[in-house]
Ligand SMILES: Cc1cc2nc3c(=O)[nH]c(=O)nc-3n(C[C@H](O)[C@H](O)[C@H](O)COP(=O)(O)O)c2cc1C
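In the numbering used here, the protein residues as written are 15 to 498.
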């Protein structure tokens, strides 16, 4: 894979011996020519810090958050998902590219973001996304009466209780099957986002084709029941993604870096995306000659039984595993799928994300040839400077080079909430809360519990509504007394 090319045999020769630190610290040059200083990638994570009405990059917060990541010695940073359509967000607070983003005032914010993120020499690419049917009313600018979009009109199902049904109906409703005009508009929006990233000075972009959002809705037979050019066969389910790759590449040739994040499956049982079809999707991406690396992940916002979701309440490892030639560590959640990609002898690098915590676990995944790049998500929130401070730091021996052992506290509270739609999403709120702390110049608080974060969110919501109302009243009073 990538530099590695073929399946890598275990490192047994003394001359070839590479330590775990050597393996993760080795630079990698992508097909577009972009040189990554090492193999550690900060995963895309929604920062939830942008504000209405335009959701432009919140520089006053990113100055703190992205500065931390830029100084952390990652090989690559991937931003949290940036929405390409201001009407449809998966959560309030994502950054958005919209038709006015190219105005000098907004472009200046984008340029500042790119410059903060890349100030210390680590390149940064922008993840572009559309939530499709996973777009709750009130998150983006879509009016309540406007339906969310989906390849076919397949509603989300998250739980069976009447409360779940009521919550889903109120929040997501039944999505509208996209017309060909909707699809053309969506392509235009993604291309605009990719060009915006380039013009702002980012090193490239990544298309979010995982986790049950719009692009993965097109890739899955569960949500794509179309019979036109965009669905009906595995080949046609890829039409939208292929079109996006071609149109973005036409506008943004190398050295622009273009990546795609894909799932190893959609966890929707026999009617969902099967592994063989997912592998064929990867095969096209790695051989099309237009993509620089593919990120492999798992999990589905609709299906809570996937490995990633299950891992939220689980305590992470407290001891680094030993790297042995005979036993592979397999720390990553989706290693089995990555091994199947390895058998394809991918000519481009593969990033594996999910579950990595220890230097030895990461080095073992690279050494065994299953991937070239290691994605770090939650660890990059808890300890934003983990690479520089620990993983690449020679002061820590292999036994001690790992992210902090951690479990999100207060899972009982999430379990008590009768609507799974709400309860199931609470553990991830812990990480949003901590990114907001980092954005405010504070450090992450590993001890914040789910009930604390829940009530804090309510309080913050109330506080900003009260402040906005007071501001309006003061302005109105000043206007009537002629003070403005
Ligand atoms: C708070 C949070 C926000 C996330 N947002 C995104 C996102 O915007 N785009 C994306 O592709 N994945 C997103 N993810 C998934 C991560 O990129 C990554 O795949 C996942 O956290 C697994 O890695 P980990 O075990 O190192 O956390 C998010 C994860 C978390 C915890």
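Ideal Cβ placement from N, Cα and C applies to all residues, glycine included.
Residue 480 and residue 154 have their C-alpha atoms spaced approximately 21 angstroms apart. For the pair residue 94 and residue 52, the CB atoms are not nearer than the 7 angstroms cut-off. Burial is judged here by how many other beta carbons sit within 10 angstroms of a residue's own beta carbon; residue 47 has fewer than 16 and is exposed.
The Cβ atoms of residue 349 and residue 384 sit closer than 7 angstroms to each other. Judged by DSSP secondary structure, residue 356 falls within the alpha helix (DSSP H) whose first and last residues are 349-356.
Here the alpha carbon of residue 72 sits roughly 11 angstroms from the alpha carbon of residue 66. Measuring C-alpha to C-alpha distances from residue 413 to each of 425, 284, 151 and 372 identifies 372 as the nearest. At least one heavy atom of ligand 1 falls within 6 angstroms of the beta-carbon of residue 445. Linking residue 162 to residue 457 through their CA atoms gives a straight-line distance of about 36 angstroms. Per the Cβ contact rule, the segment 440-454 is in contact with the segment 423-432 (3 or more Cβ pairs under 8 angstroms). Where residue 256 is concerned, the enclosing alpha helix (DSSP H) starts and stops at 253-265. Taking all protein chains in view, the Cβ of residue 41 is surrounded by fewer than 16 other Cβ atoms within 10 Å, so the residue is classified as exposed.
Here residue 143 carries a strand assignment [DSSP, helix/strand/coil].
In this structure residue 316 touches residue 226 by the C-beta definition: roughly 5 angstroms separates them, less than 8 angstroms. Between residue 37 and residue 271, the C-beta spacing is not below 7 angstroms. Under the DSSP assignment, residue 365 falls in the beta strand (DSSP E) whose first and last residues are 364-367. Rounded to whole angstroms, the gap between the alpha carbons of residue 79 and residue 131 is 9 angstroms. At a cut-off of 4 residues, the continuous stretches assigned as alpha helix (DSSP H) that sit fully inside the segment 58-112 are 73-84.
Per the DSSP secondary-structure output, residue 277 pairs in a beta bridge with 311. Per DSSP, reduced to three states, the secondary structure at residue 119 is helical. Taking residue 125 as the centre and dropping the five residues before and after it, the same chain places the C-beta of 214 and 215 closer than 8 angstroms to its C-beta, in chain order. Counting C-beta atoms within 10 angstroms of its own C-beta, residue 483 has fewer than 16 neighbours from the protein chains shown and is therefore classed as exposed.
Going by DSSP, residue 480 is part of the alpha helix (DSSP H) stretching over 464-494. Residues 427, 428, 431, 464, 467 and 468 of the same chain have their beta carbon placed closer than 8 angstroms to that of residue 440, with the five preceding and five following residues left out of the count. Residue pairing for residue 55: DSSP places it in a beta bridge opposite 90 and 389.
Relative to residue 136, the option among 450, 151 and 92 whose CA is nearest is 92. Under the DSSP definition of a beta bridge, residue 360 lacks any partner. According to DSSP, residue 402 shares a beta bridge with no other residue. Only buried fits residue 351, as 16 or more other CB atoms lie within 10 angstroms of its CB.
With a threshold of 6 angstroms, the Cβ atom of residue 390 counts as near ligand 1, since some heavy atom of the ligand is closer than that. For residue 228, the enclosing alpha helix (DSSP H) starts and ends at 228-233.
Its chain contains 78, 79, 82, 398 and 458 as the residues whose beta carbon lies nearer than 7 angstroms to that of residue 452, once the 5 sequence neighbours on both sides are disregarded; these appear in chain order.
Of all alpha-carbon atoms in 211, 222, 332 and 392, the one lying nearest the alpha-carbon of residue 111 is that of 211. One thing to note: residue 102 has its Cβ no nearer than 7 angstroms to the Cβ of residue 58. Ranked by Cα distance from residue 420, the first of 461, 438, 382 and 381 is 461. At a Cβ-Cβ threshold of 7 angstroms, residue 98 and residue 203 count as neighbours.
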